[in-house]
Amino acid sequence: MWDEVKRSLTHGSMLYKLIWLNVGVFLVVFFGGHLLFSFDLIESQEDLLWLASHSDIEKLAERPWTVFTSMFTHNDPGHLIINMLMLWWLGRMYQAELGTRKLLSTYFIGGFVGVLFIVLLTNYTSIFSDATPDFIYGASASVFAIITAMATYQPDRKVPFILFGMVRLQHLIIAFIVIDYFIKWKEHPEVFVGHFSGALTGFILISQTKKGRNLALPIEWLFDKIATLIPRTGSYTKFRAKKNRGTNSTNKRPKSDDQFNSDRRDDQIKVDAILDKISRHGYDHLTKEEKEFLFKQSKK
3 MWDEVKRSLT HGSMLYKLIW LNVGVFLVVF FGGHLLFSFD LIESQEDLLW LASHSDIEKL
63 AERPWTVFTS MFTHNDPGHL IINMLMLWWL GRMYQAELGT RKLLSTYFIG GFVGVLFIVL
123 LTNYTSIFSD ATPDFIYGAS ASVFAIITAM ATYQPDRKVP FILFGMVRLQ HLIIAFIVID
183 YFIKWKEHPE VFVGHFSGAL TGFILISQTK KGRNLALPIE WLFDKIATLI PRTGSYTKFR
243 AKKNRGTNST NKRPKSDDQF NSDRRDDQIK VDAILDKISR HGYDHLTKEE KEFLFKQSKK
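Put into structure tokens, the structure is as follows:
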């Protein structure tokens, strides 16, 4: 099991990296925060080790990085599980249809806009006049952005849903937003605003993408620049065909189980990298070697 976890971390798609990052941050916050608090090394666990953002502008100014770290931070296992299940469920479709870059940019922009709307409406409008400034954290705005973007991209696509059978994505997302309103608005209206602004962000991004305008291009360009500075593995690895190690049948020896499983994992890593490249740039951008390798794997 641990080998599979390591493989998904090092060679898995960006979706799995986002999920594991959220899980890792939760474990650090949950256990690390309790440990430090028990030894009186921190005064409060509410700030989630300085990773949570805040709706009070003065406090936010003291921790500007939390505009981004807050979208990976959870303090409740139930909150984490629901967000990650939703991200995994519809995030797979979104990444397959629009690619890694779009998944990552939608996640970050949705989370950022969610925090921004809460801060602006809390400080500059009377909508939340009775609300007390509080910490902001969770991936909900980012997740709402991705699932709404997917529903906007393919509104009539049907997906299985418990008790209701096959449901169109557009109907599913509308139901999620309506249910979220009735659950959150009365007690925590700022939470609903964060979720809804994330959903609105996903809708706008894909609506404009369909018209040929990529509003996320600046942040996607930034991610590409950052990616060139990081050693690439898995979905970011450029495909390199292995050199032929001698195909003479007289030199072949039976493979051990470990060698067989290792070769199979290597092949799967290459397939994942090629499929990710297709989702990002299209089949025509594959090299001749990549096309041949993918064809051979499809015949197995």
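Count along the sequence shown from 1, add 2, and you get the number used in the numbering used here. Even glycine gets a Cβ: it sits at the ideal position worked out from N, Cα and C. As the structure is a prediction and not an experimental result, all values here were calculated from the model.
| query | Would you report the Cα separation of Thr-239 and Ala-275, rounded to the nearest angstrom? | reply | Here residue 239 corresponds to residue number 237 of the sequence shown, with the count starting at 1. Here residue 275 corresponds to residue number 273 of the sequence shown, with the count starting at 1. Unreliable positioning characterises Thr-239 in this predicted model, as indicated by a pLDDT of 43, which lies under 50. A coordinate reading is not provided.
| At which residues does the alpha helix (DSSP H) containing Gly-167 begin and terminate? | Along the sequence shown, one-based indexing puts residue 167 at 165. Careful: Gly-167 lies outside any alpha helix (DSSP H), inside the beta strand (DSSP E) at 167 to 170.
| query | Is Phe-130 helix, strand or coil when you go by DSSP? | reply | Position 128 of the sequence shown, counted from the first residue, corresponds to residue 130. Coil.
| message | Within the continuous beta strand (DSSP E) that includes Lys-160, where are the two ends? | response | Along the sequence shown, read from residue 1 onward, the residue named residue 160 stands at position 158. 160 to 163 is the extent of the beta strand (DSSP E) around Lys-160.
| field | Contacting residues, own chain, Cβ-Cβ under 7 Å from Trp-187 (five flanking each side not counted) | value | Start at 1 with the first residue of the sequence shown, and residue 187 comes out as number 185. So the list reads Phe-194, once near-sequence residues are dropped.
| Close Cβ partners of Gly-196 (< 6 Å) along its chain, the five nearest in sequence each way excluded | The sequence position of residue 196 within the sequence shown is 194, counting from 1. Taken in chain order, the residues that qualify are Gly-116, Ile-120 and Ala-143.
| said: Do Ala-147 and Gly-112 have their beta-carbon atoms positioned less than 8 Å apart in this structure? | reply: As a working note, residue 112 is residue 110 in the sequence shown. As a working note, residue 147 is residue 145 in the sequence shown. Yes, they are a contact pair.
| task | Write down the C-beta distance between Ala-151 and Thr-108 rounded to the nearest angstrom, noting that I regard them as a contact closer than 8 Å. | result | Position 149 of the sequence shown, counting from 1, holds the residue named residue 151. Position 106 of the sequence shown, counting from 1, holds the residue named residue 108. That belief holds up - the Cβ atoms of Ala-151 and Thr-108 are roughly 5 Å apart, short of 8 Å.
| said: Please state the DSSP three-state secondary structure of Phe-2. | reply: Since the first residue of the chain shown is 3 and the last is 302, residue 2 is not available in this structure.
| query | Quick one: Cα of Trp-67 to Cα of Tyr-155, how far? | reply | Numbered from 1 along the sequence shown, position 65 holds the residue referred to as residue 67. Numbered from 1 along the sequence shown, position 153 holds the residue referred to as residue 155. Approximately 31 Å between the Cα atoms of the pair.
| Out of curiosity, what's the CA-to-CA distance linking Pro-162 and His-190? | Walking along the sequence shown from the start, residue 162 turns up at place 160. Walking along the sequence shown from the start, residue 190 turns up at place 188. Looking at the two C-alpha atoms, the distance is approximately 30 Å.
| request: Output yes or no for whether 8 Å exceeds the beta carbon distance between Val-27 and Thr-102. | output: Numbered from 1 along the sequence shown, position 25 holds the residue referred to as residue 27. Numbered from 1 along the sequence shown, position 100 holds the residue referred to as residue 102. No, these two residues do not count as a Cβ contact at 8 Å.
| If Leu-105 sits next to Leu-17, beta carbons under 8 Å apart, how far is it from one beta carbon to the other, in whole angstroms? | For the purposes of this step, residue 105 is taken as the residue at position 103 of the sequence shown. For the purposes of this step, residue 17 is taken as the residue at position 15 of the sequence shown. With 8 Å as the limit, Leu-105 and Leu-17 qualify as a contact, their Cβ atoms being about 6 Å apart.
| task | Please confirm whether Leu-50 and Val-31 have their CB atoms less than 8 Å apart. | result | The sequence position of residue 50 within the sequence shown is 48, counting from 1. The sequence position of residue 31 within the sequence shown is 29, counting from 1. It is a contact, given that the beta carbons lie within the stated cut-off.
| query | When the Cα of Asp-278 is compared with those of Ile-83, Ile-21 and Gln-97, which residue comes out closest? | reply | Working through the sequence shown from its first residue, we reach residue 278 at position 276. Among Ile-83, Ile-21 and Gln-97, the Cα nearest to that of Asp-278 belongs to Gln-97.
| Among the residues of its own chain, which have a CB less than 6 Å from the CB of Phe-205, if the five just before and after it don't count? | By 1-based counting over the sequence shown, the position of residue 205 is 203. Excluding residues within five positions, the ones whose Cβ falls inside 6 Å are Thr-150 and Thr-154.
| query | Anyone know if the C-beta pair for Ile-221 and Phe-110 falls short of 8 Å? | reply | Within the sequence shown, residue 221 is the residue found at index 219, counting from 1. Within the sequence shown, residue 110 is the residue found at index 108, counting from 1. A contact, by the Cβ cut-off of 8 Å.
| message | Can you tell me where the alpha helix (DSSP H) holding Trp-187 begins and where it ends? | response | As a first step, residue 187 is located in the sequence shown; it is residue number 185 there, counting from the start. No alpha helix (DSSP H) contains Trp-187, which DSSP labels as neither H nor E.
| query | Grouping DSSP H, G and I as helix and E and B as strand, with all else coil, what is Arg-242? | reply | Taking the sequence shown and counting its residues from 1, one reaches residue 242 at position 240. Confidence is the limiting factor: at Arg-242 the pLDDT is only 39, short of 50, which leaves the residue's position unreliable, though a coordinate-based value still follows. The answer is coil: DSSP assigns Arg-242 none of H, G, I, E or B.
| task | Have a look at Ile-280, Ile-59 and Leu-224 and flag the residue whose alpha-carbon is nearest the alpha-carbon of Pro-135. | result | Looking up residue 135 in the sequence shown gives position 133. Minimum Cα distance to Pro-135 is reached at Ile-59.
| request: Check Leu-55 in the structure and name its three-state DSSP category. | output: As a working note, residue 55 is residue 53 in the sequence shown. The question names Leu, but residue 55 in the sequence shown is Ser. Residue state, collapsed to three classes: strand.
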